[in-house]
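Asks:
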Amino acid sequence: MTALADSDIPFLPRGVRLRHCDVRKAWFLLAPERAVKLDPVGAHVLQALDGERDFAAVVGHLAAQFDAPQDRIATDAGAFLTEMRNRRMVEVRS
Amino acid sequence: MNAPGNEPVDIETAIPIPMAMLAELTHRCPLKCPYCSNPLELTRRSAELSAEEWVEVFRQAAALGVLHVHLSGGEPASRKDLGEITTGAVEAGLYTNLITSGVGLTEANFADLAARGLDHVQLSVQGVDAEAADRIGGFRGGFDTKMRVADWVAREGIPLTINAVMHRQNLDRLPETIELAVKLGARRLEVANTQYHGWADLNRAALMPTPEQAKRASEVVAETRERLKGTLVIDYVPPDHFAKYPKPCMGGWSRVGLCVKPEGKVLPCHAAETITTLEFQNVRDVPLEEIWKKGPAFTAYRGTHWMQEPCNSCERKTKDWGGCRCQAFAWTGDAAATDPVCTLSPEHARMRAAAETDSAAHADEFVYRTIGGADRARAKEPAS
Ligand code: SF4
Ligand code: SF4
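These protein sequence lines map, in sequence, to chains A and B.
In this text, residue positions in the first sequence follow this note's numbering: the first is 17, and each later residue adds one.
In this text, residue positions in the second sequence follow this note's numbering: the first is 208, and each later residue adds one.
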């Protein structure tokens, strides 16, 4: 799958949900028959998806939140979202 | 990013955190599938947990670490309070999956479940057309209902998985089963060969596939997976009687999941009651956490402490956990024995020979799953 464009709007489709598990003290992305344990970066990226923000705005949001350089965030978040998209746990509209 | 549960742990002392719970809401079902995984003694309606009791079970399950709940049966739509039960699961924070034959759902009550936050639907198909499906399910009109339900699911945008149980009388139609799943808009297809417990065991001679069928089916799955990559994920459970090693049943006893029966009995696996030497507790009497961590049925075969040879000195023992306890019990009378499916089991030759005899039986009549049906079938058999 190609990389995300700045104007692409990534979102969690119906049937995919973020949930914090208090017992395991970790965030999970839940989908049919699957539970993906997220590292803190992955959890923050997915929490930034509100169905309105496009990819550029997601990167801006995370850069402000973590006071980190935009291009690093764009690379990391882009790679992660593309992986999730390949697994059909994230979808994109433009 | 990593898969859950892969941290190094001491398997004898660490109690795993369960991922999934199967909630058998009821044993009532309009269908009569001859391979039903429900027990031969079906629980009656009057004994079922109430909606409030289920909601409490969901809260306790979430607190224990359960992430997915499978609302199953019987047919869950046979319960008038399925909406209330669904809301309870959603509010507990569980990922909520409905496992249904579709029969008993209406367009309006399905829309209601969707609005309550249902996450996923698994729809069973008994066959690829009305004639085949309705004969196997023992219910006329079942197939057409399913086709409508698949439509409603698609319209709500809820992901759909098609479940197909395979056996000698439909395994040759696997390619059509796969096409049907694609046509219905499913993203996943679970094709599982029959597990021979309970009703399926009564019907072995009518269900057991031939070794040739099993081989052909594996080839079909391999070819089709490649062709449908990106469209349909196929989860395939081959018939284990013709395999070399057993499957890790349930991902290991009391490691990944648990099952709550309609009356509240808690089991490490839905078929565990066939092991008549085990003792089960009920959520009406004991908190779920205590049952999971310390219940006698749960600790009996958790980890590897209970294993005998050849499992005990086998390098696969934490891969397949010695296979299925129910199958071991059914064949040897000892639930701690090696699963006879394993080619290393001393019982393997006997089991394999029996499977081949069953697969060559030209007996296609079923004993259908009905209340009292098992007793009637047994009464007809010549005394042995
Ligand atoms: S001997 Fe036991 S542990 Fe080894 S492969 Fe067979 S069932 Fe699995
Ligand atoms: S071994 Fe028994 S408990 Fe485990 S999956 Fe098989 S039937 Fe179920």
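For every residue, glycine included, the Cβ atom is placed at its ideal position computed from N, Cα and C.
All values reported here derive from a predicted model rather than from experimental measurement.
Taking the CB atoms as reference points, tell me whether G300/B and R30/A lie closer together than 8 Å.
Replies: Locating residue 300/B in the second sequence gives position 93, where the first residue counts as 1. Locating residue 30/A in the first sequence gives position 14, where the first residue counts as 1. It is not a contact, given that the beta carbons lie outside the stated cut-off.
Asks: Could you check the C-alpha separation between K524/B and G530/B for me, to the nearest Å?
Replies: For the purposes of this step, residue 524/B is taken as the residue at position 317 of the second sequence. For the purposes of this step, residue 530/B is taken as the residue at position 323 of the second sequence. For K524/B and G530/B, the distance between alpha carbons rounds to 9 Å.
Asks: Where in the segment 435 to 514 of chain B do unbroken runs of the beta strand (DSSP E), each at least 3 residues long, occur, reported from the N-terminal end onward?
Replies: 440 to 444, 464 to 467 and 472 to 474
Asks: Taking its Cβ as the centre, do 16 or more other Cβ atoms sit within 10 Å of E397/B, making it buried, or is it exposed?
Replies: On the second sequence, residue 397/B is found 190 positions in, with the first residue counted as 1. Answer is buried; the Cβ neighbour count reaches 16.
Asks: Write down the C-beta distance between T303/B and G324/B rounded to the nearest angstrom, noting that I regard them as a contact closer than 8 Å.
Replies: Within the second sequence, residue 303/B is the residue found at index 96, counting from 1. Within the second sequence, residue 324/B is the residue found at index 117, counting from 1. With 8 Å as the limit, T303/B and G324/B qualify as a contact, their Cβ atoms being about 7 Å apart.
Asks: Looking only at its own chain, which residues have a Cβ that is under 6 Å from the Cβ of Y508/B, when we skip the five neighbours before and after it?
Replies: One-based indexing of the second sequence puts residue 508/B at position 301. Excluding residues within five positions, the ones whose Cβ falls inside 6 Å are W460 and R532.
Asks: Given this structure, state the Cα-to-Cα distance separating K454/B from A504/B, to the nearest angstrom.
Replies: On the second sequence, position 247 is the one that residue 454/B refers to. On the second sequence, position 297 is the one that residue 504/B refers to. Cα to Cα, the separation comes out at about 20 Å.
Asks: Against chain A, does P215/B count as a neighbour if the rule is that its beta carbon must be under 8 Å from one of theirs?
Replies: Numbered from its first residue, the second sequence carries residue 215/B at position 8. Bear in mind that a pLDDT of 49 at P215/B, under 50, signals an unreliable position, so the number given afterwards is only what the model happens to contain. For P215/B, the closest Cβ of chain A is not nearer than 8 Å.
Asks: With a cut-off of 8 Å on the beta carbons, I'd call L62/A and L54/A a contact; round off their distance for me.
Replies: Along the first sequence, one-based indexing puts residue 62/A at 46. Along the first sequence, one-based indexing puts residue 54/A at 38. With 8 Å as the limit, L62/A and L54/A qualify as a contact, their Cβ atoms being about 7 Å apart.
Asks: If contact is defined by three or more beta carbon pairs under 8 Å, each pair taking one atom from either stretch, is the segment 276 to 285 of chain B in contact with the segment 231 to 239 of chain B?
Replies: yes
Asks: Would the beta-carbon of D546/B be found less than 7 Å away from any heavy atom of ligand 1?
Replies: Locating residue 546/B in the second sequence gives position 339, where the first residue counts as 1. Yes, since a heavy atom of ligand 1 falls inside the 7 Å radius drawn around the Cβ of D546/B.
Asks: Return helix, strand or coil for H404/B, following the three-state DSSP convention.
Replies: Taking the first residue of the second sequence as position 1, residue 404/B is located at position 197. Three-state result, H404/B: coil.
Asks: Under a Cβ-count criterion, where at least 16 other Cβ atoms within 10 Å of its own Cβ denotes burial, should P215/B be classed as buried or exposed?
Replies: Working through the second sequence from its first residue, we reach residue 215/B at position 8. At P215/B the pLDDT is 49, less than 50, meaning the model places this residue with poor confidence and gives no usable figure here.
Asks: Applying a beta-carbon distance threshold of less than 9 Å, which residues of chain A neighbour D326/B?
Replies: Reading the second sequence from its first residue, position 119 is the one you call residue 326/B. Result: R30, G31, V32, R33, L46, A47 and P48.
Asks: With three or more C-beta pairs closer than 8 Å as the rule, is the segment 362 to 374 of chain B touching the segment 382 to 397 of chain B?
Replies: These segments touch.
Asks: With DSSP collapsed to three states, give me the class of R559/B.
Replies: For the purposes of this step, residue 559/B is taken as the residue at position 352 of the second sequence. It is helical.
Asks: Measuring alpha carbon to alpha carbon, tell me which of T352/B, F487/B, V297/B and C518/B ends up nearest C549/B.
Replies: The residue labelled residue 549/B in the question sits at position 342 within the second sequence. It is C518/B.
Asks: May I ask whether a heavy atom of ligand 1 can be found less than 7 Å away from the beta carbon of K524/B?
Replies: Position 317 of the second sequence holds residue 524/B. Result yes, Cβ under 7 Å from ligand 1.
Asks: Along the segment 270 to 299 of chain B, where does the CB come closer than 8 Å to a CB of chain A? Name the residues.
Replies: Residues passing the 8 Å Cβ filter: A270, L271, G272, L274 and H275.
Asks: Output yes or no for whether 8 Å exceeds the beta carbon distance between A421/B and L381/B.
Replies: Counting from one through the second sequence, the residue named residue 421/B turns up at place 214. Counting from one through the second sequence, the residue named residue 381/B turns up at place 174. No, Cβ-Cβ distance for A421/B and L381/B is not below 8 Å.
Asks: Does chain B have any CB closer than 8 Å to the CB of V61/A?
Replies: Along the first sequence, read from residue 1 onward, the residue named residue 61/A stands at position 45. Not an interface residue.
Asks: Starting from V39/A, find everything on chain B with Cβ-Cβ shorter than 8 Å and list it in chain order.
Replies: Working through the first sequence from its first residue, we reach residue 39/A at position 23. What V39/A touches in chain B: I224, A270, L271 and G272.
Asks: Measuring CB to CB, does P446/B end up less than 8 Å from N410/B?
Replies: Within the second sequence, numbered from 1, the residue matching residue 446/B stands at position 239. Within the second sequence, numbered from 1, the residue matching residue 410/B stands at position 203. No, the pair does not count as a contact, with Cβ atoms beyond the cut-off.
Asks: Please tell me whether, using a cut-off of 7 Å, the distance from the CB of P553/B to the nearest non-hydrogen atom of ligand 1 is below it.
Replies: For the purposes of this step, residue 553/B is taken as the residue at position 346 of the second sequence. No; taking the cut-off as 7 Å, the Cβ of P553/B has no heavy atom of ligand 1 nearer than that.
Asks: Which partner residues of S308/B appear in the DSSP bridge assignment?
Replies: Numbered from 1 along the second sequence, position 101 holds the residue referred to as residue 308/B. In DSSP, S308/B forms no bridge with anything.
Asks: When the Cα atoms are used, what is the spatial distance from T564/B to E386/B?
Replies: Numbered from its first residue, the second sequence carries residue 564/B at position 357. Numbered from its first residue, the second sequence carries residue 386/B at position 179. C-alpha separation (whole angstroms): 32 Å.
Asks: Tell me which residues of the segment 504 to 530 of chain B have at least one Cβ-Cβ distance to chain A shorter than 8 Å, keeping chain order.
Replies: none
Asks: I believe A93/A touches L78/A by the beta-carbon criterion, under 8 Å. Please report the beta-carbon distance rounded to the nearest angstrom.
Replies: Within the first sequence, the letter at position 77 stands for residue 93/A. Within the first sequence, the letter at position 62 stands for residue 78/A. Indeed, because the Cβ distance is near 6 Å, the residues count as touching under 8 Å.
Asks: State buried or exposed for D442/B, treating a residue as buried only when at least 16 other CB atoms are found within 10 Å of its CB.
Replies: Position 235 of the second sequence, counted from the start, is the residue given in the question as residue 442/B. Exposed: under 16 other Cβ atoms inside 10 Å.
Asks: In whole angstroms, give me the CA-to-CA distance for L495/B and H569/B.
Replies: Numbered from its first residue, the second sequence carries residue 495/B at position 288. Numbered from its first residue, the second sequence carries residue 569/B at position 362. About 46 Å.
Asks: So is the beta-carbon of G458/B under 7 Å away from any non-hydrogen atom of ligand 1?
Replies: Position 251 of the second sequence, counted from the start, is the residue given in the question as residue 458/B. Answer for G458/B: no, Cβ out of range of ligand 1.
Asks: Check N316/B in the structure and name its three-state DSSP category.
Replies: Locating residue 316/B in the second sequence gives position 109, where the first residue counts as 1. DSSP places N316/B in helix when its eight states are reduced to three.
Asks: Nearest chain B C-beta to A93/A closer than 8 Å, yes or no?
Replies: The residue you call residue 93/A lines up with position 77 of the first sequence. For A93/A, the answer is no, since every Cβ of chain B falls outside 8 Å of its Cβ.
Asks: Find the residues of chain A that neighbour Y302/B, judging by a C-beta separation of less than 7 Å, and give them in chain order.
Replies: To locate residue 302/B, count along the second sequence from 1; it is residue 95. Y302/B reaches chain A at R33 and L46, counting residues in chain order whose Cβ is nearer than 7 Å.
Asks: Assuming M415/B is part of the beta strand (DSSP E), what are its boundary residues?
Replies: For this step, residue 415/B is matched to residue 208 along the second sequence. Per DSSP, M415/B belongs to no beta strand (DSSP E) and is neither H nor E.
Asks: Measuring from the CB of Y452/B, is there a heavy atom of ligand 1 at a distance below 7 Å?
Replies: Here residue 452/B corresponds to residue number 245 of the second sequence, with the count starting at 1. Yes - ligand 1 has a heavy atom lying nearer than 7 Å to the Cβ of Y452/B.
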